[in-house]
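Sequence lines, in order, name chains A and B.
Residue numbering for the first sequence follows the UniProt record's numbering, starting at 1 and increasing by one per position.
Residue numbering for the second sequence follows the UniProt record's numbering, starting at 1 and increasing by one per position.
For every residue, glycine included, the Cβ atom is placed at its ideal position computed from N, Cα and C.
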Amino acid sequence: MSNPTEIKPAEAPSPSGLRLKARFPLLALIAERLLLSVLLLFAVSVLIFGGVEALPGDFATTYLGQSATPQAVANIRSELGLDRPLVTRYVSWLGGALQGDFGTSWASRNSVSEQVGKRLGNSLFLAGFAAIIAVPLAVGLGMLSVHFRNRMPDKIINVLSLAAISLPEFFIGYLLILYFAVDFGIATFPATVYDGMGLAERIQTIALPTATLVLVVLAHMMRMTRAAILSVMSSAYMETAELKGLSAARAIVKHAAPNALAPIINVVALNLAYLVVGVVVVEVVFVYPGMGQYMVDAVTVRDMPVVQACGLIFAAVYILLNMVADILAIVANPRLRHPR
Amino acid sequence: MNDFTKYLAGKVTAGGMNRREFMGRAVAAGVTISAAGELFATSAAAQTPKKGGALKLGLEGGAATDSIDPAKATSQVMFAAVRTWGDTLVETHPQTRAPMPALAESWATSPDAKIWTFKIRKGVQFHDGKEMTTDDVVATLKRHSDSKTESGAAGVLKSITSIENKGGDLVVTLDSGNADLPAIFTDYHLVIQPNGGVDKPTAGVGTGAYKVKSFEPGVRMTFEKNPNDWRSDRGFVDTVEIVTMNDATARIAALSSGQVHFINRVDPKTVPLLTRSPNVQLLTTAGGGHYVFIMHCDKAPFDNNDLRMALKYAIDREEMVKRILGGYGKVGNDFPINDTYALFPEGLEQRKYDPEKAKFHYKKSGHSGSVLLRTSEVAFPGAVDASVLFQQSAKKAGIEIEIKREPGDGYWSNVWNVQPFSASYWGSRATQDQFYSGAYLSTADWNDTKFKNEKFDKLLISARGELDEKKRKDMYRDMAILVRDEGGTILPMFNDFVNAGTKKLKGYVSDIGNDMSNGYVATRVWLDA
């Protein structure tokens with residue numbers, strides 16, 4: 001049992017690791033991406049910390065504003081440990097964050113995790129709802145405009161969606177409010193959701209911001225769908241497929257879809273990320289308690305724990321959605337699985 | 001009561017006129033001032049408040065960083081919230097700003113105004129059912145004034161040396177006489193909490209007309225009626241909901257569509273459009289808040305009083321009120337006090353736009369080249385436009401003003417109180433003394449004009465301890481003249497508080513103390529069916 005000769009030498013890991021990578025390229029890729037994501041998040045946290053530090057004024061002075069006295073400022077600083085050196089403060093924050101403790105907000109003295117959880121839930125709810133409507137609609141309209149390429153329906157779809165994307169989002173929001181809330185009185189405004197609201201009521205409340213977001217992201221996805229399908233359809237291998245007598249359905253499923261999907265998935269992922277992290281203007285206009293407004297408020301008074309938590313979540317959402325987009329693209333298109 | 005005053009009284013009853021307008025017109029119609037004041041009070045009271053209903057307010061100035069701890073209440077939303085759930089020892093009269101009893105029933109002072117004794121009201125219950133005692137009051141004041149305090153009221157309580165419970169009375173000792181101590185206790189940070197809020201500053205438990213039901217910072221706050229309220233002349237609606245709406249257009253949309261009953265901070269530019277809506281009433285009140293251009297008296301070139309005078313004569317105040325405030329305000333006279341303050345020095349000559357005098361002082365100052373004015377959108381609403389107007393009017397007097405537009409973020413830490421010439425604003429304070437002590441005394445923390453004048457300081461200290469009102473008024477007059485003619489403040493305008501409500505909203509009291517009926521809006525109004 002303790003015969004050393006029976007034990008295989010330990011040179012195996014690297015070839016077997018390589019083999020693992022060759023056998024499960026997707027798993028290896030995901031693992032690699034996850035590792036990089038962690039590093040990226042770490043870098044993001046350093047950047048945010050440095051960025052907020054570089055802003056003029058610290059929490060104590062900005063929070064008390066005109067009513068601050070030097071004594072009160074000093075008391076807040078020493079209570080929060082703002083008088084400690086920069087690196088010490090960062091390391092102690094990082095220590096907490098690694099254990100899942102994002103600390104308490106300096107301003108409201110509430111748990112950051114709890115607050116962020118609520119706001120993130122709101123943001124995801126709104127984004128999710130907008131996505132459920134926008135993605136199928138965009139892809140559907142894209143296919144429709146391919147079908148009617150350069151004819152009237154195609155032109156109408158294009159003009160309308162371009163008009164929607166050209167208007168600033170707050171303006172679309174105001175127009176919707178003016179017509180649907182003020183003039184016709186059929187929509188709910190403000191779109192403030194809160195604890196204890198039923199699902200049906202919640203959905204009704206977010207109707208206008210959802211419509212705004214759909215209009216904002218529609219054109220981008222729709223046009224990418226249209227362009228991707230058109231470019232694939234006009235490629236040589238589709239012609240070959242047709243010429244060698246494949247049925248149209250088979251040609252589309254086997255040859256067209258895998259090639260067209262990758263760019264569509266990418267643009268969808270980018271838009272989804274935008275829906276979660278880039279909608280602060282829409283939140284303000286509709287008085288919607290999402291993450292964006294939460295972070296802006298925190299930055300205004302330099303509430304570091306909240307800014308850090310929001311920044312990391314935003315970064316994580318971007319990284320995650322991009323990763324999912326890449327993975328889906330690879331799954332959809334076998335060629336991408338074996339890069340040369 | 002003649003027909004015209006009857007008509008005016010009717011308009012007050014309908015909620016369409018504030019005290020200022022009423023007094024102005026009634027006095028013009030030959031009614032004496034005190035009679036007009038009483039008339040106003042009776043017509044306003046003639047409306048019988050209707051009980052019940054759910055009041056919704058859409059307010060600007062809330063953030064996710066808001067704290068329910070009154071010591072940390074700085075935003076507009078928290079100001080209104082604190083007034084809704086809490087009470088202070090003293091309140092101010094909505095029209096005269098005279099201190100009135102609240103949780104303190106009465107007060108008396110020693111002849112040197114150094115030792116103050118307050119009788120504390122008995123039989124008042126906190127929202128948690130506990131009886132309020134003098135010990136709670138002592139603990140509250142201590143929490144806001146001791147050396148560990150993080151309170152926004154710490155500055156105004158600095159002169160307190162001891163706070164004691166002597167046989168059930170509150171006794172406060174000051175390091176020097178201050179005739180205005182009761183007025184200081186109206187500060188909204190100083191709401192009385194159980195054991196001073198030492199154990200749970202964010203509990204939101206007080207003695208106010210409404211109990212806090214839920215609070216989501218920066219989003220929404222809800223209240224329900226306090227059934228054991230010690231006052232019967234307030235708290236008419238059943239529930240109150242404050243929604244934070246930082247977008248001006250959103251507030252207007254919410255009001256016009258009837259989703260909220262009251263909004264604050266209406267942009268004067270949008271008033272004509274807003275009042276076109278048949279369901280909306282405008283609720284404006286004159287206040288002591290003002291917009292300023294501040295020069296540092298100790299930094300070149302502004303250390304030269306002739307240059308300061310030249311710039312003071314080079315600004316067109318009338319035009320600013322018209323263009324920047326849309327007429328919702330009054331011209332300023334280069335000192336920070338107007339007739340909303342007690343003991344206002346009447347009859348001082350109004351400084352006017354006078355290019356000739358400006359030229360004269362400018363020449364005398366020997367200054368050449370342009371002066372650099374820093375401004376920003378956050379300095380006050382319309383600050384950049386106002387700076388350009390100033391530049392234009394000064395140009396006609398031969399003075400070149402160069403405008404530098406600064407970023408809003410960090411303006412209050414990098415530019416205001418740091419750079420020698422900048423745009424800024426001030427809110428109102430409870431008394432002249434509080435204002436001058438905070439911003440014009442040589443040693444004041446926020447002496448943003450670096451105005452250091454021995455004579456002024458002496459006057460300020462002796463006026464503070466002076467109990468004879470006539471003597472005190474004379475001193476304030478001298479101080480106003482000193483600031484006006486030697487100070488670094490260019491004060492073009494006092495801004496009105498411009499709020500709006502739906503026509504259903506009744507009983508709104510135009511309170512000159514501060515914005516939103518001095519924060520009491522939720523406890524004072526009722527909803528007409």
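Within its chain, find whatever has a CB closer than 7 Å to the CB of residue i; leave out the 5 residues flanking it on each side and keep chain order.
i: residue 79 of chain B; result: 73, 188 and 519
i: residue 283 of chain A; result: 290, 292 and 293
i: residue 156 of chain A; result: none
Our contact map puts residue i next to residue j with C-beta atoms below 8 Å; I'd like the distance itself, whole angstroms only.
i: residue 182 of chain B; j: residue 315 of chain B; result: Actually they are not in contact, since the Cβ atoms of residue 182 of chain B and residue 315 of chain B sit about 37 Å apart, beyond 8 Å.
i: residue 170 of chain B; j: residue 137 of chain B; result: 5 Å
i: residue 307 of chain A; j: residue 62 of chain A; result: No, residue 307 of chain A and residue 62 of chain A are not in contact; Cβ-Cβ is about 12 Å, not under 8 Å.
i: residue 496 of chain B; j: residue 286 of chain B; result: 5 Å
i: residue 531 of chain B; j: residue 47 of chain B; result: In the structure as shown, chain B begins at 1 and stops at 529. Residue 531 of chain B is therefore absent and cannot be evaluated.
i: residue 432 of chain B; j: residue 184 of chain B; result: Between residue 184 of chain B and residue 432 of chain B the Cβ distance is about 12 Å, and since that is not below 8 Å, they are no contact.
i: residue 350 of chain B; j: residue 371 of chain B; result: Between residue 371 of chain B and residue 350 of chain B the Cβ distance is about 24 Å, and since that is not below 8 Å, they are no contact.
Output the boundary residues of the beta strand (DSSP E) element that contains residue i.
i: residue 325 of chain B; result: Per DSSP, residue 325 of chain B belongs to no beta strand (DSSP E) and is neither H nor E.
i: residue 169 of chain B; result: 169-174
i: residue 281 of chain B; result: 280-285
i: residue 290 of chain B; result: 290-295
i: residue 117 of chain B; result: 115-120
i: residue 133 of chain A; result: Per DSSP, residue 133 of chain A belongs to no beta strand (DSSP E); it is in the alpha helix (DSSP H), 112-147.
i: residue 160 of chain B; result: 160-166
i: residue 91 of chain B; result: 90-92
i: residue 100 of chain B; result: 99-101
Between the beta-carbon of residue i and the beta-carbon of residue j, is there less than 7 Å?
i: residue 286 of chain A; j: residue 187 of chain A; result: no
i: residue 279 of chain B; j: residue 503 of chain B; result: yes
i: residue 213 of chain B; j: residue 207 of chain B; result: no
i: residue 113 of chain A; j: residue 303 of chain A; result: no
i: residue 127 of chain B; j: residue 205 of chain B; result: yes
i: residue 295 of chain B; j: residue 308 of chain B; result: yes
i: residue 341 of chain A; j: residue 224 of chain A; result: The shown model of chain A, from 1 to 340, leaves out residue 341 of chain A, and the question about it has no answer.
i: residue 92 of chain B; j: residue 102 of chain B; result: no
i: residue 236 of chain B; j: residue 526 of chain B; result: yes
i: residue 260 of chain A; j: residue 228 of chain A; result: yes
i: residue 270 of chain B; j: residue 328 of chain B; result: no
i: residue 154 of chain A; j: residue 145 of chain A; result: yes
i: residue 272 of chain A; j: residue 97 of chain A; result: no
i: residue 501 of chain B; j: residue 281 of chain B; result: yes
i: residue 376 of chain B; j: residue 411 of chain B; result: yes
i: residue 480 of chain B; j: residue 345 of chain B; result: yes
Note down, in chain order, each residue of its chain lying with its Cβ closer than 8 Å to the Cβ of residue i, except the 5 sequence neighbours on either side.
i: residue 447 of chain B; result: 439, 440 and 441
i: residue 220 of chain B; result: 214, 241, 242, 243 and 244
Terminal residues of the continuous alpha helix (DSSP H) containing residue i?
i: residue 434 of chain B; result: 432-439
i: residue 93 of chain A; result: 86-98
i: residue 85 of chain B; result: 76-85
i: residue 240 of chain B; result: That residue, residue 240 of chain B, is in no alpha helix (DSSP H); its beta strand (DSSP E) goes 239-244.
i: residue 410 of chain B; result: No alpha helix (DSSP H) holds residue 410 of chain B; DSSP gives it neither H nor E.
i: residue 56 of chain A; result: It is not in any alpha helix (DSSP H) - residue 56 of chain A carries neither H nor E in the DSSP assignment.
To which residues of the same chain is residue i closer than 6 Å at the C-beta, ignoring the five residues directly before and after it?
i: residue 254 of chain B; result: 58 and 260
i: residue 134 of chain B; result: 120, 165, 168 and 170
i: residue 556 of chain B; result: No answer is possible for residue 556 of chain B: the residues shown for chain B start at 1 and end at 529.
i: residue 233 of chain A; result: none
i: residue 531 of chain B; result: Past the edges of chain B, shown from 1 to 529, lies residue 531 of chain B, and the structure says nothing about it.
i: residue 509 of chain B; result: 94, 517 and 524
i: residue 54 of chain B; result: 239
> What residues in the stretch 208-235 of chain B bring their beta carbon closer than 9 Å to a beta carbon of chain A?
Replying inline: 214, 216, 217, 218, 219, 220 and 222
>> Taking beta-carbon pairs under 8 Å, can you tell me which members of the stretch 444-473 of chain B lie near chain A?
In response: 445 and 446
>> Short of 8 Å Cβ to Cβ, which residues in the stretch 272-294 of chain A face chain B?
In response: 284, 285, 286, 287, 289, 293 and 294
> Using a Cβ cut-off of 8 Å, which residues of the stretch 172-185 of chain A contact any Cβ in chain B, in chain order?
Replying inline: 174, 177, 178, 181, 182 and 185
>> If the cut-off is 9 Å on Cβ atoms, which residues from the stretch 376-387 of chain B count as contacting chain A, listed in chain order?
In response: none
> If you measure beta-carbon to beta-carbon, which residues of the stretch 202-231 of chain A are closer than 8 Å to chain B?
Replying inline: none
> If contact means a Cβ-Cβ distance below 9 Å, which residues of the stretch 138-149 of chain B contact chain A?
Replying inline: 147, 148 and 149
> Which residues, in order along the stretch 149-174 of chain B, keep a beta-carbon less than 8 Å from a beta-carbon of chain A?
Replying inline: 149, 150, 151, 152, 153, 154, 155 and 158
>> Short of 9 Å Cβ to Cβ, which residues in the stretch 80-94 of chain A face chain B?
In response: none
> Residues in the stretch 191-210 of chain B with C-beta within 7 Å of chain A's C-beta atoms, listed in sequence order?
Replying inline: 202
>> Give me the subset of the stretch 310-322 of chain A whose CB atoms are less than 7 Å from a CB atom of chain B, sorted by chain position.
In response: none
> Listed in chain order, which residues of the stretch 53-70 of chain A have Cβ atoms closer than 8 Å to some Cβ of chain B?
Replying inline: 55, 56, 57, 61, 62, 63, 64, 65, 66, 67, 68, 69 and 70
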